[in-house]
Amino acid sequence: AQSVTQPDIHITVSEGASLELRCNYSYGATPYLFWYVQSPGQGLQLLLKYFSGDTLVQGIKGFEAEFKRSQSSFNLRKPSVHWSDAAEYFCAVGATGGYQKVTFGTGTKLQVIP
Amino acid sequence: EPEVTQTPSHQVTQMGQEVILRCVPISNHLYFYWYRQILGQKVEFLVSFYNNEISEKSEIFDDQFSVERPDGSNFTLKIRSTKLEDSAMYFCASRLREGNYGYTFGSGTRLTVV
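So the protein sequences, as listed, match chains A and B. Numbering-wise, our numbering puts 107 at position 44 of the first sequence, and it's gapless, one number per residue. Numbering-wise, our numbering puts 58 at position 50 of the second sequence, and it's gapless, one number per residue.
As structure tokens, then:
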């Protein structure tokens, strides 16, 4: 069964600092991988996704993620964080077969300090 | 960009009452899903629906839950007799076809059972 681990429950960074959110997945084949962002009380917004090809994926709002098969990781990065990036971030893995349900990690809550 | 629309955005219901959450998937999509997020927890898969039948469901999706696509445009989740623990954000999602290229989430319905 597929699974996702986000080891950091809560991260605090200063505005303007770089950011890396960790994600490790477990899946028997090459997975579909996603990062979603959720502001309090809001829905899920897709930041970026990986299906195949270039392992460095660019997303919206200046985010990028790198798929590393050898490490089963899909870490999210941003070179300079803005106060508006404060939110909860979810990594997710999608099955490539069957009816392709998505399994989410437990999320990382990002706090941005001035 | 096409959206998945969910109504209402927030619903309050009394314990034991039936509730129907409504979703309008993207018009040419073929696969439909419901996910649930209890406050402060991760997003969990409930059910997938394809070709007018349930294709996969989780252990959460017990006999109190049902889904329906009554008219070719709406996709509903019914909870027959709500419990306090059903309070959560419910997300609808839809997908075009094989591959997760068109996997889109709605903005969610927050269900509060009192």
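Note that CB positions come from ideal geometry on N, CA and C, so glycine has one too.
Item, Value
"Neighbouring residues, chain B, relative to residue 169/A (Cβ below 7 angstroms)", "50"
"Proximal residues to residue 177/A (C-beta, below 8 angstroms), its chain only, five neighbours per side dropped", "77, 78 and 146"
"Close Cβ partners of residue 33/B (< 6 angstroms) along its chain, the five nearest in sequence each way excluded", "12, 40, 83 and 102"
"Of the listed residues 85/A, 131/A, 73/A and 112/A, nearest to residue 48/B (C-alpha basis)", "73/A"
"CB contact flag (residue 170/A, residue 151/A, <8 angstroms)", "yes"
"Rounded separation between residue 94/A and residue 110/A - CA only", "17 angstroms"
"8 angstroms Cβ cutoff met for residue 121/B and residue 15/B", "no"
"Residue 81/A beta carbon less than 8 angstroms from that of residue 143/A", "yes"
"Pair within 8 angstroms by beta-carbon distance, residue 86/A and residue 69/A", "yes"
"Option nearest residue 74/B by Cα separation, candidates 119/B, 18/B, 92/B and 26/B", "26/B"
"Listed by chain order, chain A residues near residue 103/B by CB distance under 8 angstroms", "163"
"Cβ of residue 106/A within 8 angstroms of any chain B Cβ", "yes"
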